[in-house]
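Participant:
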Amino acid sequence: MLEIQSLKKTFFPGTVNEKKALNGVSLHLAKGDFVCLIGSNGAGKSTLLNAVSGEFFADEGRVVLDGQDMTFLPDYKRARHIGRLFQDPMRGTAPHMTIEENMALAYLRASGRCSPFSRISKKDRDFFRTRLERLGLGLENRMSQPVGLLSGGQRQALTLLMATLVAPKLLLLDEHTAALDPATAEKVMELTKAIVKENEITCMMVTHNMESALHTGNRTVMMTGGSILLELQGEERANMTVDGLLALFRQKTGAALDNDRMLLA
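Note that the sequence shown ends on residue 1530 in the working numbering; no numbers are left out.
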């Protein structure tokens, strides 16, 4: 499904601020894989998602999705096949547009109905209402209200729904619950798991929570210094604990993990 082949990216090359963000990262995801990416700040997790989504072109390597070479496609063309959620709930929606208008834009883009003559039918609106009902937030009764009036959790749940109105080939989640309160974060995470499972969506999720990284989805990938340090799946992953993961990190790097955000999550 997704082939990431030897991706390399250096920011500000040849300057004092030179940063090698990706050092030959290779990763294969089969259809339906749900991979959790974990690592300290600067490990390359979000940079990898940015490379896959097309926010920039990699210096070297290839990105192939479902047999199509995406390496030099701009992000707006990749967006027809790739859904994405960010940590900031304010990203991904237009605050001055209504809930219905936001959903319509997402639906038209993902379904390929992007001509000037595209219209939203009553059937489409009923579809939006049905999908909103499953959120359990009452948004199906507020479709004419601006998205800017919603809370952060409501906006993130709506963004998740918009990104999956037409099931994408790949869903990228960049700490999409980190900015929410614990109760709302749990609800959005449960919605995420349900939607991904129901539609068999291939998914990559960045998290700092090691417990979540070991029990969400079916694979765990730890990054450090722009490279993949280890991959866990199957029985090895099922038997792994947070303490075991920390010990494995120490064994492979020769140093203890020193990241308060991960250790306290």
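Where a beta carbon is used, it is the ideal one built from N, C-alpha and C, also for glycine.
Tell me Thr1363's beta-bridge partners as DSSP assigns them.
Facilitator: The count along the sequence shown starts at 1 and reaches residue 1363 at position 98. In DSSP, Thr1363 forms a bridge with Pro1411.
Participant: Looking at the structure shown, is Thr1467 part of a helix, part of a strand, or coil, going by DSSP?
Facilitator: One-based indexing of the sequence shown puts residue 1467 at position 202. Three-state result, Thr1467: strand.
Participant: Return the residue from the list Leu1513, Met1408 and Gln1270 that minimises the CA-CA distance to Asn1367.
Facilitator: As a first step, residue 1367 must be located in the sequence shown, where it is residue number 102. Among Leu1513, Met1408 and Gln1270, the Cα nearest to that of Asn1367 belongs to Met1408.
Participant: Alpha carbons only, please: which of Lys1285, Phe1277 and Gly1304 is nearest the one belonging to Thr1472?
Facilitator: Counted from its first residue, the sequence shown places residue 1472 at position 207. Nearest C-alpha to Thr1472: Gly1304.
Participant: Exposed or buried, what is Tyr1372 when buried is set at 16 or more other beta-carbons lying within 10 Å of its beta-carbon?
Facilitator: If you number the sequence shown from 1, residue 1372 lands on position 107. Classification for Tyr1372: buried.
Participant: So the candidates are Ala1295, Gly1332, Arg1356 and Gly1289; which of them puts its Cα closest to the Cα of Asp1324?
Facilitator: Within the sequence shown, the letter at position 59 stands for residue 1324. Comparing Cα-Cα distances from Asp1324 to each of Ala1295, Gly1332, Arg1356 and Gly1289, the minimum goes to Gly1289.
Participant: In chain order, what residues of the same chain lie with their CB nearer than 7 Å to the CB of Ser1291, ignoring the 5 residues before and after it?
Facilitator: If you number the sequence shown from 1, residue 1291 lands on position 26. Excluding sequence neighbours, Ser1291 sits near Ile1269, Gln1270 and Ser1271.
Participant: Leu1435 to Pro1278, Cα distance in whole Å?
Facilitator: Counting from one through the sequence shown, the residue named residue 1435 turns up at place 170. Counting from one through the sequence shown, the residue named residue 1278 turns up at place 13. If you take the alpha carbons of Leu1435 and Pro1278, they lie about 30 Å apart.
Participant: Going along the chain, which residues of its own chain have a beta-carbon closer than 8 Å to the beta-carbon of Asp1389, five neighbours each way excluded?
Facilitator: The residue given as residue 1389 occupies position 124 in the sequence shown. The answer, listed in chain order, is Ala1369 and Tyr1372.
Participant: For Glu1365, count neighbouring Cβ atoms within 10 angstroms of its own Cβ and tell me buried if that reaches 16, exposed if not.
Facilitator: Start at 1 with the first residue of the sequence shown, and residue 1365 comes out as number 100. So Glu1365 ends up on the buried side.
Participant: What are the boundary residues of the beta strand (DSSP E) that includes Ala1286?
Facilitator: Along the sequence shown, read from residue 1 onward, the residue named residue 1286 stands at position 21. Run containing Ala1286: Lys1284 to Leu1294, per the beta strand (DSSP E) assignment.
Participant: Determine the burial state of Thr1467: buried for a count of at least 16 other Cβ atoms within 10 Å of its Cβ, exposed for fewer.
Facilitator: For the purposes of this step, residue 1467 is taken as residue 202 along the sequence shown, with counting starting at 1. Counting Cβ neighbours within 10 Å, Thr1467 comes out buried, since at least 16 surround it.
Participant: Tell me where the beta strand (DSSP E) around Phe1393 begins and ends.
Facilitator: Your numbering for residue 1393 matches position 128 in the sequence shown. Premise fails: Phe1393 lies in the alpha helix (DSSP H), Lys1387 to Glu1398, not in any beta strand (DSSP E).
Participant: For Gln1421, count neighbouring C-beta atoms within 10 Å of its own C-beta (all shown protein chains included) and say buried if the count is 16 or more, exposed if not.
Facilitator: Within the sequence shown, numbered from 1, the residue matching residue 1421 stands at position 156. With 16 or more other Cβ atoms within 10 Å, it is buried.
Participant: What three-state label does DSSP hand Arg1327 in the structure shown?
Facilitator: Counted from its first residue, the sequence shown places residue 1327 at position 62. Correct three-state label for Arg1327: strand.
Participant: Count the other C-beta atoms from every protein chain shown that fall within 10 angstroms of the C-beta of Gly1499, then say buried if there are 16 or more, exposed otherwise.
Facilitator: The residue given as residue 1499 occupies position 234 in the sequence shown. Gly1499 comes out exposed.
Participant: By the DSSP assignment, the beta strand (DSSP E) with Ser1271 in it spans what residues?
Facilitator: Residue 1271 sits at position 6 when you count from the first residue of the sequence shown. Leu1267 to Phe1276 is the extent of the beta strand (DSSP E) around Ser1271.
Participant: Quick one: using the 10 Å Cβ neighbour count with 16 as the cut-off for buried, is Phe1337 buried or exposed?
Facilitator: Taking the sequence shown and counting its residues from 1, one reaches residue 1337 at position 72. So Phe1337 counts as exposed.
Participant: Give me, in chain order, the residues of the same chain whose beta-carbon lies closer than 6 Å to that of Pro1489; leave out the 5 immediate sequence neighbours on both sides.
Facilitator: Numbered from its first residue, the sequence shown carries residue 1489 at position 224. For the sequence presented, residue 1489 should be read as Thr rather than Pro. Hits under 6 Å: Gly1304 and Ala1308.
Participant: Return the Cβ separation of Ser1318 and Ile1347 in integer angstroms, given the expectation that the two are a contact with Cβ distance under 8 Å.
Facilitator: Here residue 1318 is taken as the residue at index 53 of the sequence shown, counted from 1. Here residue 1347 is taken as the residue at index 82 of the sequence shown, counted from 1. Ser1318 to Ile1347, Cβ: 6 Å. Contact.
Participant: Take the Cβ of Arg1349 as the centre, count every other Cβ of all protein chains shown within 10 Å, and call the residue buried at 16 or more, exposed below.
Facilitator: For the purposes of this step, residue 1349 is identified with residue 84 of the sequence shown, where counting begins at 1. It is buried - the Cβ of Arg1349 has at least 16 other Cβ atoms within 10 Å.
Participant: Tell whether a beta-carbon distance below 7 Å holds between Met1469 and Val1300.
Facilitator: Working through the sequence shown from its first residue, we reach residue 1469 at position 204. Working through the sequence shown from its first residue, we reach residue 1300 at position 35. Yes, the pair counts as a contact, with Cβ atoms nearer than the cut-off.
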